[in-house]
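Undergrad: Have a look at this one.
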Amino acid sequence: MTLSFCENPISMTVLEDLPRHIVGLSKLYCVIYAAPLESYEETSGTINLGRLAQMHAVLKQMLQELGRPGMVWLCAYPCPHCGCRTFHDPTPIL
């Protein structure tokens, strides 16, 4: 099962609270969320990928601590060039 709320603006505070509420949903394996408001640059409105990666790392650590390290969280945000939704998983592929 997938939960998607990628069209809804969300703060990091709310995003950090969400895993505690959904960790018990055993069939949930993927969450698609909007880039937190704090990950946008104030002046240009573009995504700061470094900040976004830090926020994603916090979520991954929380899932590990809650016993759901395999749950996939993908971030969605609009492409600054074409406006199409882009999905971002800052976890490096080695």
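Residue numbers for the sequence shown follow the UniProt record's numbering, beginning at 1 and rising by one.
Think of the CB as a built atom: it goes at the ideal place given N, C-alpha and C, for glycine as much as any other residue.
Quick caveat, the model's predicted, so the values are computed rather than measured.
Looking only at its chain, what residues have a beta carbon closer than 8 Å to the beta carbon of Ala34, apart from the 5 residues adjacent to it on each side?
TA: Taking the first residue of the sequence shown as 1, we reach residue 34 at position 34. Closer than 8 Å at the Cβ level, and outside the excluded window around Ala34, lie Phe5, Cys6, Glu7, Asn8, Pro9, Ile10, Cys75, Ala76 and Tyr77.
Undergrad: Compare the beta carbon distance of Pro36 and Met12 with 8 Å and say whether it is the shorter of the two.
TA: Taking the sequence shown and counting its residues from 1, the one referred to as residue 36 is at position 36. Taking the sequence shown and counting its residues from 1, the one referred to as residue 12 is at position 12. Contact: yes.
Undergrad: In three-state terms, what does DSSP make of Thr46?
TA: In the sequence shown, residue 46 corresponds to position 46, counting from 1. Coil.
Undergrad: Sorted by chain position, which residues of the same chain lie with C-beta nearer than 6 Å to Val23's C-beta, five sequence neighbours on each side aside?
TA: The count along the sequence shown starts at 1 and reaches residue 23 at position 23. Excluding positions up to five away in sequence, the list reads Leu66 and Arg68.
Undergrad: Going by the beta-carbon positions, is the gap between Leu28 and Met1 smaller than 8 Å?
TA: Start at 1 with the first residue of the sequence shown, and residue 28 comes out as number 28. Start at 1 with the first residue of the sequence shown, and residue 1 comes out as number 1. In this structure, Met1 lies closer than 8 Å to Leu28 by Cβ.
Undergrad: Would you identify the three-state DSSP class for Leu74, choosing helix, strand or coil?
TA: Position 74 of the sequence shown, counting from 1, holds the residue named residue 74. Here Leu74 sits in strand by DSSP.
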